[in-house]
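**Q** In the numbering used here, the protein residues as written are 620 to 938.
The C-beta atom is built at its ideal place from N, Cα and C for all residues, glycine as well.
None of the values given here were measured: they were computed from a predicted structure.
Starting off with a structure, shown below.
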Amino acid sequence: MKTIGVLTSGGDSPGMNAAIRAVVRYGVRNGLKVFGIERGYCGLIDGAIKELNFASVAGIMEKGGTILRTSRCGEFFTREGREKAANQLAKFGIEGLVVIGGEGSLTGSVTFHKEFGVPVIGVPGTIDNDIAHTDMCIGVDTCLNTVVDAIQKLKDTATSHERAFIVEVMGRESGYIALMSAIATGAEAAIIPEVPIDFDQLAERLLEERKRGKLNCIVVVAEGAGKAEEVARKISNKIGYETRISILGHIQRGGSPTAFDRLLATRMGVRAVQALLDGEKCATTVLKSGQITLIDTEEVISTKKKLDLSLYEMCMTLS
Ligand code: F6P
620 MKTIGVLTSG GDSPGMNAAI RAVVRYGVRN GLKVFGIERG YCGLIDGAIK ELNFASVAGI
680 MEKGGTILRT SRCGEFFTRE GREKAANQLA KFGIEGLVVI GGEGSLTGSV TFHKEFGVPV
740 IGVPGTIDND IAHTDMCIGV DTCLNTVVDA IQKLKDTATS HERAFIVEVM GRESGYIALM
800 SAIATGAEAA IIPEVPIDFD QLAERLLEER KRGKLNCIVV VAEGAGKAEE VARKISNKIG
860 YETRISILGH IQRGGSPTAF DRLLATRMGV RAVQALLDGE KCATTVLKSG QITLIDTEEV
920 ISTKKKLDLS LYEMCMTLS
């Protein structure tokens, strides 16, 4: 293999730039020509492709977002779109791809590989941490730190006004961000899609705590489990606290990556290029027991990632 391409796809996540840097520099060091593909699969279809070198990725490690930009590309879901993408690869002489993105991006990579035989290595980048077989995805740690910082600030005002805050966080169908941030901030409860919630029971518990003299109350809701407004409507008149809601939104996706995310992204980026050089066809880099290894991408996308529910018990027990 002499020429490879790299793209970022789906929701951006902090650390994607560190992964791009690693792919480009490790590739170039190993004699490869490396092309950057802009706007994910959309740029692949349109031919928004340019060669990258050592200098083009200088100083990007600490930047949030992705210098290649990204998209959720509807056209790539069509056979016609994927055919255009394959033609662009042939035009630029690109023999292998590194796709940095979430579940949808990895799913697209499998279909593309099956149809056109192009070797594609996936690198899991999403704040949701909903990709099976990897302990962590790129961006999760930075996101959690952002969420914890925001909740901590909300706690200050909650205490000052003796209020409850219902904080809605992202995560798609996963309660990972909600649960981990609830544990890390000592929130009163996490409401997550994986565990049904009894609102009357929760309200009773919060009222008891209020009566015992607790000055604030934080409930973290995963977007996949419901809306902060809805939760507030269900419990606010029963819990004894004046209640406010806060939807953290896209600030969870931005910001300079933490050291953990930079390291994870760098290690996965290097492993992805090694995989292409070793002749791997359709695999994803994963973090397992501290090691970066490869798992067949079809296996990754066909497995549902399970949340460790003992952590849910821990969250509710300690609050
Ligand atoms: O997958 C990352 C994520 O931020 C999810 O947590 C969220 O549901 C979704 O993307 C939001 O997507 P968009 O930025 O397209 O609104």
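Which residues does DSSP list as the beta-bridge partners of Ser865?
**A** DSSP, once it has assigned bridges, lists Val786 as partnering Ser865.
**Q** Let me check one thing: in DSSP terms, what residues is Lys652 bridge-paired to?
**A** In DSSP, Lys652 forms a bridge with Thr622.
**Q** Could you give the distance in angstroms between the alpha-carbon of Thr922 and the alpha-carbon of Ala751?
**A** Approximately 6 Å between the Cα atoms of the pair.
**Q** Measure the CB-CB distance between Thr627 and Leu687 and report whether it falls below 7 Å.
**A** Yes, they are a contact pair.
**Q** Look at the alpha carbon of Ala777 and the alpha carbon of Phe784, and state the distance between them as a whole number of angstroms.
**A** Using only the alpha carbons, I get a separation of about 7 Å.
**Q** Please state whether the Cβ-Cβ distance between Thr903 and Val919 is less than 7 Å.
**A** Yes, Cβ-Cβ distance for Thr903 and Val919 is below 7 Å.
**Q** Can you find the residues in the same chain that come closer than 7 Å, C-beta to C-beta, to Thr863, ignoring five residues on each side of it along the sequence?
**A** For the sequence presented, residue 863 should be read as Arg rather than Thr. Arg782 and Phe784, listed in sequence order.
**Q** I need the boundaries of the beta strand (DSSP E) containing Gly715, first residue and last residue.
**A** Gly715 to Gly720 is the extent of the beta strand (DSSP E) around Gly715.
**Q** Within 10 angstroms of the Cβ of Lys710, are there 16 or more other Cβ atoms? Answer buried if so, exposed if not.
**A** Lys710 is exposed by the Cβ-count criterion.
**Q** Do you know offhand how far Met755's Cα is from Gly655's?
**A** Met755 and Gly655: Cα-Cα distance of roughly 25 Å.
**Q** Give the straight-line distance between the Cα atoms of Gly790 and Asp631, rounded to the nearest whole angstrom.
**A** About 13 Å.
**Q** Which residue's Cα is closest to the Cα of Asn748: Tyr795, Glu681 and Asn835?
**A** Comparing Cα-Cα distances from Asn748 to each of Tyr795, Glu681 and Asn835, the minimum goes to Tyr795.
**Q** Report the option in Leu798, His869 and Pro812 whose CA atom is closest to the CA atom of Ala806.
**A** Cα-wise, what sits closest to Ala806 is Leu798.
**Q** Does at least one heavy atom of ligand 1 sit under 6 Å from the Cβ of Gly790?
**A** Yes, the Cβ of Gly790 comes within 6 Å of a heavy atom of ligand 1.
**Q** So the beta strand (DSSP E) Leu671 belongs to, where does it begin and stop?
**A** First-last of the beta strand (DSSP E) with Leu671: Ile668 to Leu671.
**Q** So Pro876 packs on Ala637, CB below 8 Å; how close in whole Å?
**A** About 6 Å separates the two Cβ atoms, so the contact holds.
**Q** According to the neighbour-count rule (16 or more other Cβ atoms, all chains shown, within 10 Å of its Cβ), is Thr936 buried or exposed?
**A** The residue in question, Thr936, is exposed, as its Cβ has fewer than 16 Cβ neighbours within 10 Å.
**Q** Tell me whether Asp747 counts as near ligand 1, meaning its Cβ is closer than 6 Å to at least one heavy atom of that ligand.
**A** Flag set: Cβ of Asp747 near ligand 1.
**Q** Pairing CB atoms from the region 692 to 709 with CB atoms from the region 633 to 649, are three or more of them under 8 Å?
**A** The region 692 to 709 vs the region 633 to 649: no contact.
**Q** Assuming Val729 and Gly715 make a contact with CB atoms under 8 Å, what is their CB distance in whole Å?
**A** At roughly 15 Å, the Cβ-Cβ gap does not stay under 8 Å, so Val729 and Gly715 are not in contact.
**Q** Taking 6 Å as the cut-off, is the C-beta of Gly630 nearer than that to any heavy atom in ligand 1?
**A** Yes, the Cβ of Gly630 comes within 6 Å of a heavy atom of ligand 1.
**Q** Could you name the residues that DSSP lists as bridge partners for Gln771?
**A** None; Gln771 has no bridge partner.
**Q** Using 7 Å as the threshold, is the C-beta distance between Asp880 and Thr761 below it?
**A** Yes, these two residues count as a Cβ contact at 7 Å.
**Q** Taking Cβ to Cβ, would you say Gly898 is nearer than 7 Å to Thr765?
**A** It is not a contact, given that the beta carbons lie outside the stated cut-off.
**Q** Rounded to the nearest angstrom, what separates Ile816 and Thr804 at their Cα positions?
**A** Using only the alpha carbons, I get a separation of about 20 Å.
**Q** Are Gly629 and Gly720 close, meaning C-beta to C-beta below 7 Å?
**A** Yes, the Cβ-Cβ distance between Gly629 and Gly720 is below 7 Å.
**Q** Taking Thr912 as the reference, give the member of Gly843, Val788 and Gly741 with the closest Cα.
**A** Answer by Cα proximity: Gly741.
**Q** Given this structure, state the Cα-to-Cα distance separating Glu932 from Leu926, to the nearest angstrom.
**A** Cα-Cα distance, rounded: 12 Å.
**Q** Tell me the DSSP secondary structure of Asp915 in three-state form.
**A** Asp915: strand per DSSP, three-state reduction.
**Q** Mapping DSSP to helix, strand and coil, what is Val737?
**A** Looking at Val737 - three-state DSSP - the assignment turns out to be coil, as it is neither helix nor strand.
**Q** My parser needs the beta strand (DSSP E) runs of 3 or more residues fully inside the region 803 to 889; what are they?
**A** Segments of the beta strand (DSSP E) lying fully in the region 803 to 889: 808 to 810, 836 to 841 and 861 to 866.
**Q** By a C-beta neighbour count over all protein chains shown, 10 Å radius and 16 as the cutoff for buried, is Lys774 buried or exposed?
**A** Lys774 comes out buried.
**Q** Could you compute how far the alpha carbon of Gly712 sits from the alpha carbon of Thr622?
**A** Going by the C-alpha atoms only, they are around 7 Å apart.
**Q** Identify, in the order they occur along the chain, each residue of the same chain with its Cβ nearer than 8 Å to the Cβ of Lys682, setting aside the five sequence neighbours on each side.
**A** These residues qualify, in order along the chain: Asn636 and Ser875.
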